[in-house]
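J.:
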Amino acid sequence: MKLGFGLELLTRRRKRRGRKRRMRRYRFPSVLSKRYGTLSSDEASAAAHQIKGKAFSAAGASAATSADGIETLHE
Numbered sequence: 001m002k003l004g005f006g007l008e009l010l011t012r013r014r015k016r017r018g019r020k021r022r023m024r025r026y027r028f029p030s031v032l033s034k035r036y037g038t039l040s041s042d043e044a045s046a047a048a049h050q051i052k053g054k055a056f057s058a059a060g061a062s063a064a065t066s067a068d069g070i071e072t073l074h075e
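Under full-length UniProt numbering, the first residue of the sequence shown is numbered 1, with each subsequent residue one higher.
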């Protein structure tokens, strides 16, 4: 039981460190953002929803149902 608790703490620490590292990295302009610019929050949200919709429709179009009712994805 101690082992599981210890691993959970390590995972939390790793997530926290990763989050801090990403926040530090994205807080300042990068080479790409200087060259291509950035999106506003509203534009980024709209683009993310559009990408998500296209991904789900593509996944749904390539799904096939077998005889036993299990749906699988095909390339």
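From the three backbone atoms N, C-alpha and C, an ideal C-beta is built for every residue, glycine too. The structure presented is a predicted model; accordingly, all values stated were derived computationally and were not measured.
#1: Whole angstroms is fine: what's the gap from Ser-33's alpha carbon to Arg-25's?
#2: Could you pull the start and end residues of the alpha helix (DSSP H) that Ser-45 belongs to?
#3: Please classify Met-1: does DSSP put it in a helix, a strand, or coil?
T.: Short version:
#1: As a position in the sequence shown, residue 33 is number 33, starting the count at 1. As a position in the sequence shown, residue 25 is number 25, starting the count at 1. Taking the straight line from one Cα to the other gives about 12 Å.
#2: Stepping through the sequence shown from its first residue, residue 45 is reached at position 45. Boundaries of the alpha helix (DSSP H) harbouring Ser-45: 41-61, taken from the DSSP string.
#3: Here the question's residue 1 lines up with position 1 in the sequence shown. Annotation note: pLDDT 44 at Met-1 (below 50); position unreliable, coordinate value reported separately. It is coil, neither helix nor strand.
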